[in-house]
Structure formats: C-alpha cells, structure tokens
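Engineer:
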Amino acid sequence: MASMASKPPADSALRETLGGIPLKEVYGPADATGGVPLPGQFPWTRGIHADMYRGRLWTMRQFSGFATPEETNRRYLYLLAQGQNGLSVAFDLPTLMGYDADHPNSAGEVGKCGVSVCSLADMETVFQGIPLDHVTVSMTINSPAPMIWAMYLAVAERQGVPWTSLSGTLQNDILKEYIAQKEYIYPPRPSMRLGTDVIEYATQHVPRFNPISISGYHIREAGSTAVQELAFTLRDGIEYVEWAIERGLPVDSFAPRLSFFFNAHNDFFEEIAKYRAARTIWANVMRDRFGARDERSMKLRFHAQTAGCSLTWQQPYNNVVRTTLQALAAVMGGTQSLHTNSLDEAYALPGEKAVTLALRTQQIIAHESGVPAVADPLGGSWFVENLTREVERAAKAYIDRIDALGGMIPAIEKGFPQSEIADASYAYQRAIESGERIIVGVNAFQAAADEHDEPVDLLQIDECAEAAQSAKLKELRESRDNSRVRATLDELRRVAEGTANTMPAILDCVRAMATTGEICDAFRDVFGTYQETGVL
Amino acid sequence: MDARIRVLVAKAGLDGHDRGVKVIARALRDAGMEVIYTGLRQTPEMIVNAALQEDVQVIGLSILSGAHRAIVPRVMELLREKNMNDVLVVVGGTIPDADAQELKKNGVTAVFQPGSSLDAIVELIRTSAVRA
C-alpha cells in the first residue's frame, strides 16, 4: 500500500474524464469552431442571463430536515439567521414512502433521513414563525408529492398567505425514482398522472411555484456517468412535457416553470460541460420538438448539489476540498441555486458546525473568489467548448435510444437505464479497486490505521422522534372529526378512479386532518403498488 | 471441489439506495460465490426467512438510512430464535464507529463502512464462511 501512495499506477484522470470521454493533451482553435452565442441568448449554452450573477447570485439552499417537525423548525430558523436565503426540506423515509410514523414499516426510520410529516399539523410546525411569502421553499418529495404539497398549500391558507405569492420547488419527479432512487409507491402510469395533476394545478392556481424538479442528481448518485445523468434527466423531462401536453396544457403555459436538478461531481470540466450541454439540448428540444414560442419555456434553470457519493469516510476533512471544487464547477456552469454537502456526511446527517462550514464555502466562492463577476468565464475555451459538444453528442445518442424504445416508461420497464447505471457504477468501483481511478485517502495516500479521525460533533438523531410522532398521531386521530376524514378519503378514492385532477380532493383530505399514510393508502387502494424485479 | 459459498444480500428497511448492494452482489458473484439478492424494502422477518429457505452461509445487509440500530438487532434476534447461529451476518453502509462496535457485540461478523474495498469484503466472507 505504501508503494501505491508514492508511485500511483496509470492514473485514468490523466487520460479521460470521469465518465470516460478521452482527452487530448491540449486543445486548439480547430477543436472548437463555429462560435457560441453570448450568455442570455438562444440556446443559452453560456447561461440563461446576459449578466449572470451580477444581476442576482445563486440561491444558497441547504437541504435539511431531521427528527421531529419541532427540531427541524429550529434548524431552519438557525439557517435563515446564518444568511441562507432559501429552505429545502428533507423528509424521512416513512414520509417519502407514504407511511405514518406509527406504521410497522416505519420502525427505526422515523426522523432518520429527514423530518417526519404525518399531517397538516406537522407541516404547520415545520414552518412555525416562517411566513411562506418571505422564503422560497424546496421540498424533496416524489411519490407523495401531491399530498405533501397540499399540506404546504394548506399551511399557506392558515398563515393567510395567498397561493399566488408562494414560490419554491416541489421535486415531484417520479421517473428518476424507478430509474435510480427507488422511492416509489404506485406503478409508473398512475404515478405520472399524479405528477401531471400537480403540474396542471400549479399552472392554474400557484403560478410562481415550480411544480417539478427534473432530477439527475439521484441518477448520478446511483453510479451513472455525467453523460447518462444528463441524457436520462432530459429524456425524463421530455416525458413530463408529453404528459402535460396530452393533458391539454399549452406548452408555453407550464414549461417556463419546469426546473432541473443536477449533481456536481469531481470532474471539474466535465461537469461544466454537462451544464452547458444541458441548456443547449433543452432549448432545442423545447423549440423544435414541442414548438415552444416563449423563451422562458426553452431556458433550462437548475439547482445543483455537490456529490454525496464522492464524500469519503476516510480522512473526512478532505471532503471540504472536494465540495469546494464541485461547488465551483456548479457556479462556473451557471447554476441558479446550490447545496454544498457537509464533511461528515459519509457518517451521518450533518452536524451544525459541518453544515455551517458548507454554507461558508458557498459564501466564500460568492464574495471572495471573484468567480461570479463574469458570465460563463470559461466560454470560448477550446477545451470546454469541445467537451461541451462531446457531452451533448453522447447525451443525444442516449435520448435517441430511449425514443427508439418507445419513451422513458417502456425503457424503465425493460430495465434499460437501470442496467446502464449498474454497469457504470460497477466499472467505476472496479477502477478504484485496481487503482486506475485514485481517490485520495481511500486507495492512495491513506492514513495509518490508527490515525482515523471521525468528525467530532456527529449529529445524533433523537430516538424519541418515533414515539413523539406516534403519540401526536394518536392524539390527532382522537381529536379530529373522523366522519369528515372518512368522507374526504372516500371522495378521493372516487376521484382517483376517474380521470379528473386529484389535487382538490387531496386538499380536502388534508384540511380534514387526514394523515400522510391515510391519503397514500387511499391511492394504494385504487392504483395498487409497484415492485421492481431486482436486476443485478 | 468445495461447495460454493452461498450469500444472501439484502436491502433492509425503507431505504431504496441500491448502488452499493448491487456492486457487492456483482463482486461476490465475480469471486465465484452464489449470490441471492432479496430486492428492496425487506423486513428482518423476510430476510431471515429467505436466508433459511435459500440455505445461505452468509447474510449481507446493506443499510444507508440510519435504521441499522433497529434493523440489525432484530435480524440477529430472529436468527437466534430459529437456531441459525451459524449464519454469518455482515453489514455495510453509513455506520458510525460507535454503532459498528455495538453491532459486532451483538454478533455481527463484520461492518464495512464507506470506502471499504471489494477485495477486503470478498476475502473476509471467504475466510469466515470457510471457518464456520
């Protein structure tokens, strides 16, 4: 092992990108002919604004949430006091899977990966003291997105905030769940209907809210390459647009509110090329494939998060450096908002000191580095322009293959994106194993066995969250008008069996204090559940 | 010729992050072991039943959700109830050091934290399963 540290074997990072695109020693004018339009001009390869960050910095939005609604509310008030300007809610696994905290399947999971939200009362607690017209709120919820969003809308009602002044983002991207993260409840087609219900309802009633965040992040975390992340995400986007048009919505009525979410991984230039290629492809797809006329429909806006899967358990303080480089790539790639991971996340959810350092990393890039002063500072680099086109070409080839399979749902049912990702992730792990791909502190430059330093202030999730949430549920079920709950749930089942938009019926259930689990169960009764065949 | 080592790899709890479990399954298979993958969202009862039916020597549990403190002790308890003490249990995931020690005290053969090498995992299973 010592010899590996002093003399690395053939390091693939010196020959190709992380995703395997071959690199030349040097690039020149012949590698990037034709020129690229300025930032703020179609197809926005160089950024969606002419003045980029001079007009407005990216939103610093740290994803957080844990334990009870009360504890999460305290963390949010802290983050807002530290200068963070947007909230991003992480829900726990029972909530993500549509189970209440007292369901047997929730045992051991309540409050572990995020906050437990079982009813409107919990949602109200999460935003206690935070007027919803003063913050933008992102919510990472997919299968139960309509139910959780309905709770959010009901909190706004109770705060007296009109829906027209709400802004934020709902993840509501079910396709990447089947592809990568696997937090689905219902089969793909009824799930797509629910997602489309949200898009339609937002277009009509909550016009400043992004009803979907089409996400490559999780695809990348599952082990894809940058090109696969880009291609599968954009092809998912095409699927959502097709469903909304099928629903009867004119493309320019909803497309300006579609938003995207990408990973920011280790390969600095490949990531920047990915963001630039994303904007280029999407602008052309929206104009040419869907006939969009409004420029806002063609501009790809995105959130970025640094790569959780790149964080190492070994020598955890190295993660601060990785995260800084990844964040820099996202900013130089023109992101609209950013989450920076904390150094301790290979161990647990981040502690408060680690979260603060992650936020400071963004503030240093924003205010000390000078990087945000100039739009697309790498534009015109022969290398970056060339790599952007390479990534674009490879992603388009994948999109064509999925079109040939009949679209994303048939592709998912055939296991196509899943097996492409599994192959890429196994090849990556093998390259680490052989030393061809070097991870500092893991397979090279390791610390001595006795030098392992676990971060000191690891967040311990209070094991009482499960009991506290279960007790609240018991009290809720005793105090609410249960005949009203039953009536609204029955009506919801009836609507689900038809074709009408389910949002009004979901809102009625939420206002009657039906729980997350009860509302999701009503849909389970009608739609059934989905099991994937475990492809290795 | 020795019978091949039979391993059940399982995703326990609600967590759907299956990158790690799939990589491990392929690596064990490439190393010549017989690998049975449970698929997602298995309860401790389902996992132990599958281990019994498939007659495996090793159970590999993948948990990235922080629920290991509830799930792993339950699996160990069920194995003891069913007199399956000879089945080795190996756990992988985001497991802090203190928790890893606890799990080992409870009879878990090894805990593989993030960044563990595939070769080390294969080697441990191979040597432990032979001894067992």
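Line by line, the protein sequences give chains X and H. Mapping of the first sequence onto our numbering: position 68 corresponds to residue 68, and the numbering continues sequentially without gaps. So our numbering is basically just the index in the second sequence, starting at one, shifted up by 1000. Quick reminder that beta carbons are idealized off the backbone N, C-alpha and C, glycines included.
Leaving out the 5 sequence neighbours to the left and right, which residues in its chain are closer than 6 Å to GLU16/X when beta-carbon positions are compared?
Structural biologist: Excluding positions up to five away in sequence, the list reads PRO22 and LEU23.
Engineer: Could you tell me the boundaries of the beta strand (DSSP E) in which GLY168/X lies?
Structural biologist: 167-170 is the span of the beta strand (DSSP E), which, as asked, contains GLY168/X.
Engineer: Taking Cβ positions, are HIS1017/H and GLN181/X nearer each other than 8 Å?
Structural biologist: Taking 8 Å as the Cβ cut-off, HIS1017/H and GLN181/X qualify as a contacting pair.
Engineer: Is the Cβ-Cβ distance between ALA512/X and TYR398/X less than 8 Å?
Structural biologist: Not closer than 8 Å, so no.
Engineer: What are the residues that DSSP puts in a beta bridge with GLY1093/H?
Structural biologist: Answer by DSSP bridge pairing, in chain order: ILE1063/H.
Engineer: Roughly how many angstroms separate the alpha carbons of THR136/X and THR169/X, rounded to a whole number?
Structural biologist: Computed Cα separation, rounded: 8 Å.
Engineer: Looking only at DSSP bridge pairs, what is GLU239/X linked to?
Structural biologist: BP columns for GLU239/X are empty, so no partner.
Engineer: Can you give me the Cβ contacts of PHE63/X inside the same chain, cut-off strictly under 6 Å, excluding the 5 residues immediately before and after it?
Structural biologist: Answer for PHE63/X: SER88, ALA90 and HIS339, listed in chain order.
Engineer: DSSP three-state call for MET1001/H: helix, strand or coil?
Structural biologist: Bear in mind that a pLDDT of 40 at MET1001/H, under 50, signals an unreliable position, so the number given afterwards is only what the model happens to contain. Here MET1001/H sits in coil by DSSP.
Engineer: Under three-state DSSP, which class holds LYS182/X?
Structural biologist: Here LYS182/X sits in coil by DSSP.
Engineer: At a Cβ cut of 8 Å, what residues of the stretch 69-94 of chain X count as close to chain H, listed as they run along the chain?
Structural biologist: Of all residues in the stretch 69-94 of chain X, LEU93 and PRO94 have a Cβ within less than 8 Å of some Cβ in chain H.
Engineer: Please name the residues in the stretch 1102-1119 of chain H whose beta-carbon is closer than 9 Å to at least one beta-carbon of chain X, in chain order.
Structural biologist: So the close ones are GLN1113, PRO1114, GLY1115, SER1116, SER1117, LEU1118 and ASP1119.
Engineer: Compare the C-alpha of THR533/X against each of PRO144/X, ILE412/X and ARG389/X and name the closest.
Structural biologist: Considering only alpha carbons, the answer is ILE412/X.
Engineer: Report the neighbours of ILE1125/H on chain X: residues whose CB is nearer than 9 Å to its CB, in chain order.
Structural biologist: Under the 9 Å cutoff, chain X gives no residues; its nearest Cβ is about 16 Å from ILE1125/H.
Engineer: Which two residues bound the contiguous beta strand (DSSP E) that contains GLU1034/H?
Structural biologist: Taken as a continuous stretch (DSSP letters only), the beta strand (DSSP E) holding GLU1034/H covers 1034-1037.
Engineer: Quick one, which of SER337/X, VAL495/X, GLY441/X and SER138/X has its alpha-carbon nearest ASN319/X's?
Structural biologist: Measuring from the Cα of ASN319/X, the nearest candidate turns out to be GLY441/X.
Engineer: Taking ARG1004/H as the query, report the chain X residues whose CB atoms sit under 8 Å from its CB, ordered along the chain.
Structural biologist: Chain X residues near ARG1004/H: none, gap ~17 Å exceeds 8 Å.
Engineer: Verify whether the separation of the beta carbon atoms of THR548/X and THR388/X is less than 8 Å.
Structural biologist: Nothing in the structure corresponds to residue 548/X, since chain X is present only between 1 and 536.
Engineer: So that I know if they touch, is there some Cβ in chain X lying closer than 8 Å to that of GLY1016/H?
Structural biologist: For GLY1016/H, the answer is yes, since a Cβ of chain X falls inside 8 Å of its Cβ.
Engineer: Which residues, taken in chain order from the stretch 397-420 of chain X, show a beta carbon closer than 7 Å to some beta carbon of chain H?
Structural biologist: Hits within the stretch: zero.
Engineer: Do you know how far the Cα of ILE141/X is from the Cα of GLY1039/H?
Structural biologist: Approximately 22 Å between the Cα atoms of the pair.
Engineer: Is the Cβ of LYS986/H closer than 8 Å to any Cβ of chain X?
Structural biologist: As displayed, chain H neither begins before 1001 nor continues past 1132, which places residue 986/H out of reach and without an answer.
Engineer: Does DSSP put PRO1073/H in a helix, in a strand, or in coil?
Structural biologist: PRO1073/H falls in the helix class under three-state DSSP.
Engineer: Please return the same chain residues whose Cβ sits closer than 7 Å to the Cβ of THR72/X, not counting the five positions on each side in sequence.
Structural biologist: If we look at THR72/X and ignore the five residues flanking it on each side, its Cβ neighbours are GLY65, PHE66, VAL115 and VAL126.
Engineer: Hey, how far is the Cα of ARG493/X from the Cα of VAL1122/H?
Structural biologist: One C-alpha to the other measures close to 50 Å.
Engineer: So LEU992/H packs on PRO69/X, CB below 8 Å; how close in whole Å?
Structural biologist: No information on residue 992/H is available, as it lies outside the stretch 1001 to 1132 that chain H covers here.
Engineer: On a CA-only basis, which of ARG74/X, LEU258/X, ASP102/X and ASN85/X is nearest LYS299/X? Give me that one, please.
Structural biologist: When only C-alpha atoms are compared, the closest one is LEU258/X.
Engineer: Any residues in the stretch 151-184 of chain X with a beta carbon nearer than 7 Å to a beta carbon of chain H? Which ones, in chain order?
Structural biologist: Cβ contacts with chain H come from GLN181, LYS182 and GLU183.
Engineer: So the beta strand (DSSP E) GLY86/X belongs to, where does it begin and stop?
Structural biologist: From DSSP, the beta strand (DSSP E) with GLY86/X extends over 86-90.
Engineer: Between ALA354/X and THR1094/H, which are expected to be in contact by the criterion C-beta below 8 Å, what is the C-beta distance as a whole number of angstroms?
Structural biologist: The Cβ separation is near 14 Å, so there is no contact.
Engineer: Taking its Cβ as the centre, do 16 or more other Cβ atoms sit within 10 Å of LYS1105/H, making it buried, or is it exposed?
Structural biologist: Looking at its Cβ environment, which holds fewer than 16 other Cβ atoms inside 10 Å, LYS1105/H is exposed.
Engineer: Could you work out which residues of chain H lie near LYS112/X, taking near to mean beta carbons separated by less than 7 Å?
Structural biologist: Within chain H, the residues near LYS112/X are SER1065, GLY1066 and ALA1067.
Engineer: Between the Cα of LEU1008/H and those of VAL1090/H, ARG1074/H and SER1065/H, spot the shortest distance and give me the residue it belongs to.
Structural biologist: It is VAL1090/H.
Engineer: Short of 7 Å Cβ to Cβ, which residues in the stretch 425-454 of chain X face chain H?
Structural biologist: So the list reads SER425, TYR426, GLN429, GLU433, VAL442 and GLU454, given in the order they occur along the chain.
Engineer: Using the Cα positions of LEU234/X and VAL26/X, report the straight-line distance between them to the nearest angstrom.
Structural biologist: Rounded to whole angstroms, LEU234/X to VAL26/X spans 30 Å at the Cα level.
Engineer: Do HIS265/X and ALA307/X count as a contact pair if the criterion is CB distance below 8 Å?
Structural biologist: In this structure, HIS265/X lies closer than 8 Å to ALA307/X by Cβ.
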